[in-house]
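Numbering (our numbering), first residue to last: 514 to 668.
See below for the structure under consideration.
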């Protein structure tokens, strides 16, 4: 298994970017030194600590607005969900399968938004907006786009 030349960690096939692991390469791109690169568990906890909010939160002092970050998440509805949805359209009621799919899409998009913010050195995302887009006319594919402004804030 290849080893990262920067930090010495083992790299999997998909975690390799040149001679460096993806974490070291990301750190180089955002200007971090080797000493500030954290391990996978620390990175996940840092990502989970990023907050999402509106622009004007009480007691949220923003030091720097870094850039706009976005995350996209596309989900397909399978044929069985489509059949049950058609029946629900006729008789009325809520479709738990589609609600669960949309909930999963929202959670994934917000997690990706946090990851994008972390990659640029932010500790918060403000002005978060979620937009749902139907990709096919038949409703088989839905995309969720999450966007916001990555900031450094006093938390």
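Where is the CB? At the ideal position from N, CA and C, for every residue including glycine.
With a Cβ-Cβ cutoff of 8 Å, do residue i and residue j count as a contact?
i, j, result
"residue 636", "residue 589", "no"
"residue 622", "residue 659", "yes"
"residue 640", "residue 582", "no"
"residue 633", "residue 579", "yes"
"residue 665", "residue 577", "yes"
Would you mind sorting residue i into buried or exposed? The rule is 16 or more other CB atoms within 10 Å of its CB.
i, result
"residue 668", "exposed"
"residue 648", "exposed"
"residue 629", "buried"
"residue 546", "With a pLDDT of 39 at residue 546, under the threshold of 50, the modelled position of that residue is not reliable, and the figure given next carries that caveat. Classification for residue 546: exposed."
"residue 609", "exposed"
"residue 587", "exposed"
"residue 550", "For residue 550, the pLDDT reaches just 40, beneath the cut-off of 50, and the residue's location in the model is therefore unreliable, although a value from the coordinates is still provided. Buried, because 16 or more other Cβ atoms sit within 10 Å of the Cβ of residue 550."
By the three-class DSSP mapping on this structure, what secondary structure does residue i have?
i, result
"residue 607", "coil"
"residue 556", "helix"
"residue 622", "helix"
"residue 630", "helix"
"residue 566", "strand"
"residue 616", "helix"
Looking at the secondary structure, which residues open and close the beta strand (DSSP E) in which residue i lies?
i, result
"residue 586", "574–589"
"residue 641", "637–647"
"residue 661", "654–667"
Leaving aside the five residues before and after residue i along the sequence, list all residues of the same chain whose C-beta is less than 6 Å from its C-beta, in chain order.
i, result
"residue 565", "638, 641"
"residue 614", "588"
"residue 575", "664, 666"
"residue 644", "658"
Is the beta carbon of residue i within less than 7 Å of some heavy atom of the ligand ATP?
i, result
"residue 625", "Questions concerning the ligand ATP fall outside what the structure shown contains, since it holds no ligand whatsoever."
Once the 5 residues before and after residue i are set aside, which same chain residues still bring their CB inside 7 Å of it?
i, result
"residue 458", "No answer is possible for residue 458: it lies beyond the span of the chain, which begins at 514 and ends at 668."
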